[in-house]
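Enquirer: Take the sequence shown: its letters are residues 3 to 72, numbered as in our numbering.
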Amino acid sequence: MPACVLITYVLLSLSHILRYKLSGGGIEVVIYSLGGIIQSILVPDDLGNIADVSLGHDTPQGRLLSIQPS
């Protein structure tokens, strides 16, 4: 049965970004409430080794710092 864990981050002292962890069937996905950004997708390979197959930043701060103003 899939599980969902809610973890709250405090960012810049005023904003809150929620971090959702969804897991089931050996797969785990972590999603931020900041635009539905995927932080990580952990999946096992055929030998059972877990690997993160997503590209991006490890923290919400890293994502915000990477945004280029227009």
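The beta carbon of each residue, even a glycine, is placed where N, CA and C say it ideally should be.
1. How is G28 classed by DSSP in three states: helix, strand or coil?
2. Rounded to a whole number of angstroms, what is the C-alpha to C-alpha distance between E30 and L49?
3. How should V55 be labelled, buried or exposed, when 16 other C-beta atoms within 10 angstroms of its C-beta is the threshold for buried?
4. Is it the case that the Cβ atoms of I19 and S42 are separated by a distance below 9 Å?
5. Below 9 Å between beta carbons: does that hold for L45 and I52?
6. Please determine, among G28, G27, V32, the residue with the shortest C-alpha to C-alpha distance to R21.
Expert: Quick look at the numbers:
1. coil
2. 17 Å
3. exposed
4. no
5. According to the sequence as given, residue 45 is Val; it is not Leu. Yes, they are a contact pair.
6. V32
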